[in-house]
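These notes concern the structure reproduced below.
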Amino acid sequence: MNITRRLLGKVALGLAGATMLMQVPALAADKPAPFDKPGVKIALVRYLSTGDFFQAYLSGVEAQSKALGIDLRVLDSRQDAALQSDMVDQAIALGVQGIIIQHGLTESMKDAAQRAVDAGIKVVAFDVNVENPKIPQIEQSDKDLARLALEQAVKDNGESWNAGYVYVAGIAPLDRRNETWVDVKKKYAGIKEVAMFGTLDNPIANSVANQARSVLSAHPDIKVMFAPYDEFAKGVKIAVDEAGLNKGIKIYSADISTSDIAAMRESDSAWAATAATNPAVVGQVSVRALAQLLAGEDPGHNVIVPPTLITQKELIDKDIKNMEDLSAKLPQFAHADVAMPAWMPNPNAK
Numbered sequence: 016m017n018i019t020r021r022l023l024g025k026v027a028l029g030l031a032g033a034t035m036l037m038q039v040p041a042l043a044a045d046k047p048a049p050f051d052k053p054g055v056k057i058a059l060v061r062y063l064s065t066g067d068f069f070q071a072y073l074s075g076v077e078a079q080s081k082a083l084g085i086d087l088r089v090l091d092s093r094q095d096a097a098l099q100s101d102m103v104d105q106a107i108a109l110g111v112q113g114i115i116i117q118h119g120l121t122e123s124m125k126d127a128a129q130r131a132v133d134a135g136i137k138v139v140a141f142d143v144n145v146e147n148p149k150i151p152q153i154e155q156s157d158k159d160l161a162r163l164a165l166e167q168a169v170k171d172n173g174e175s176w177n178a179g180y181v182y183v184a185g186i187a188p189l190d191r192r193n194e195t196w197v198d199v200k201k202k203y204a205g206i207k208e209v210a211m212f213g214t215l216d217n218p219i220a221n222s223v224a225n226q227a228r229s230v231l232s233a234h235p236d237i238k239v240m241f242a243p244y245d246e247f248a249k250g251v252k253i254a255v256d257e258a259g260l261n262k263g264i265k266i267y268s269a270d271i272s273t274s275d276i277a278a279m280r281e282s283d284s285a286w287a288a289t290a291a292t293n294p295a296v297v298g299q300v301s302v303r304a305l306a307q308l309l310a311g312e313d314p315g316h317n318v319i320v321p322p323t324l325i326t327q328k329e330l331i332d333k334d335i336k337n338m339e340d341l342s343a344k345l346p347q348f349a350h351a352d353v354a355m356p357a358w359m360p361n362p363n364a365k
């Protein structure tokens, strides 16, 4: 492998930010190689990590890794696309057998992912299209996430309304959700997108709130905000609340967390509904798909975790206050029977 000066300059940063979890519980006798012995090493290479969703995703990766006796290394680029690419090389240099690429930009990760494959390393990608037939894509069924939220928006508001839309192009899950938004606007001629805005600048919610304040001032006729990422929705809600428009605007989103649930349950909250998968479950599925590759099995090219619609009314009626309540009272949210061969340990099993 060609180690660049730039990589050498950043390897110390990457290793300093690495989380090393040496977790080797008793291994079941019927697990296939290489999981029949301790010492399997994988890396999670992250682009996005800010927000409850990504903390829960990481917890799922950790839980499934622990259940399999995996030595997990976490490399966090904090939205630095070039650094994330270099971190794939760092993972290769660490001698990992598998890599999970979590989010990122196609243009920066496509070649990095290929370098890992060329090095004989198994790779899966979550919510980043690395355009590689050898690399399974872990997805939340983003089109269904957007579809469920927008169907609820039409149910609540009819087929004619002015919308604000939060979007950042180039991020695979947002691009897939955008395809559904485009289709909905074609289907319902009365739905008008009067403003589109969005940013991934940290802190994301506050940065989006700054944009939303200007949008609401310029477009007082907005009735619906479609913000298909919960950090976007948080930002829009901040601006809506500050403007005193919480009774006149409804927010529809994707993804869920305990803080999101609290925000949706507030009295007269504008946040009406979200569609979500359990991010911890998605993290578990990411590890399981990679484990299948390492065991010589085929999880499929598109490994899809089905979403659930979650409305404000349902949260209140069922007294759901946090993610634990959500999993307990909506069982379909607690576990996805995806990438789950008979030998795979279930970290959620009681």
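Under our numbering, the sequence shown has 354 at position 339, and the numbering climbs by one with no breaks.
Note that beta-carbon positions come from the ideal geometry of N, C-alpha and C, so glycine has one too.
This structure is a prediction, so every number in the text was calculated from the model and none was measured.
Per-residue burial, residue i [other beta carbons within 10 Å of its own, 16 or more giving buried]
i	result
residue 356	exposed
residue 354	buried
residue 151	buried
residue 366	Residue 366 is absent from the structure shown; the chain starts at 16 and stops at 365.
residue 193	buried
residue 80	buried
residue 148	exposed
residue 337	exposed
residue 328	exposed
residue 66	buried
residue 216	exposed
residue 70	exposed
residue 137	buried
residue 229	exposed
residue 86	buried
Residue i to residue j span [Cα, whole Å]
i	j	result
residue 234	residue 209	7 Å
residue 139	residue 258	43 Å
residue 91	residue 135	22 Å
residue 264	residue 317	36 Å
residue 40	residue 320	Any reading at residue 40 needs caution, since the residue's pLDDT is 41, under 50, leaving its predicted position unreliable; the model's value is listed next. So the alpha carbons of these two residues sit roughly 27 Å apart.
residue 198	residue 187	17 Å
residue 55	residue 97	27 Å
residue 315	residue 260	46 Å
residue 276	residue 133	43 Å
residue 120	residue 214	15 Å
residue 270	residue 330	14 Å
residue 160	residue 236	26 Å
residue 101	residue 127	8 Å
residue 99	residue 219	19 Å
residue 278	residue 130	43 Å
residue 288	residue 244	12 Å
residue 359	residue 292	21 Å
residue 59	residue 84	15 Å
7 Å Cβ shell around residue i - same chain, five flanking residues per side excluded
i	result
residue 347	323
residue 350	296 and 363
residue 333	344
residue 301	76, 115, 139, 141 and 153
residue 82	360 and 362
Cutoff 6 Å; reference residue i; Cβ partners in own chain excluding five residues on either side
i	result
residue 118	62, 63, 142 and 143
residue 298	72, 75 and 76
residue 162	195
residue 19	With a pLDDT of 47 at residue 19, under the threshold of 50, the predicted position of this residue should be treated as unreliable, though the coordinate-derived value follows. Once the five neighbours on either side are set aside, residue 19 has no close Cβ partner at all.
residue 174	203 and 205
residue 341	335 and 348
residue 273	337 and 338
Cβ shell of residue i (< 8 Å), same chain only, five flanking positions each side left out
i	result
residue 255	227, 231, 240, 261, 264, 266 and 285
residue 158	191, 192, 194 and 195
residue 283	261 and 262
residue 125	145, 146 and 147
Residue-level contact to chain B via CB, residue i, 7 Å cutoff
i	result
residue 76	Looking for chain B here will not work: only one protein chain is present.
beta-carbon residue i near the ligand GTP non-hydrogen atom, thresh 6 Å
i	result
residue 343	Of ligands this structure carries none, so the ligand GTP is not represented either.
Would you be able to state if there are at least three C-beta pairs under 8 Å between the segment 222-235 and the segment 248-255? yes
Note down, one range per segment and in chain order, each beta strand (DSSP E) of at least 3 residues found wholly within the segment 317-354. 317-319 and 323-326
Quick one: complete beta strand (DSSP E) runs, 3+ long, within the segment 135-207? 137-141, 152-154 and 175-181
Secondary structure, alpha helix (DSSP H): runs of 4+ residues fully inside the segment 51-103: 67-83
If we count Cβ pairs, one from each stretch, closer than 8 Å, do we get three or more for the segment 301-317 versus the segment 98-116? yes
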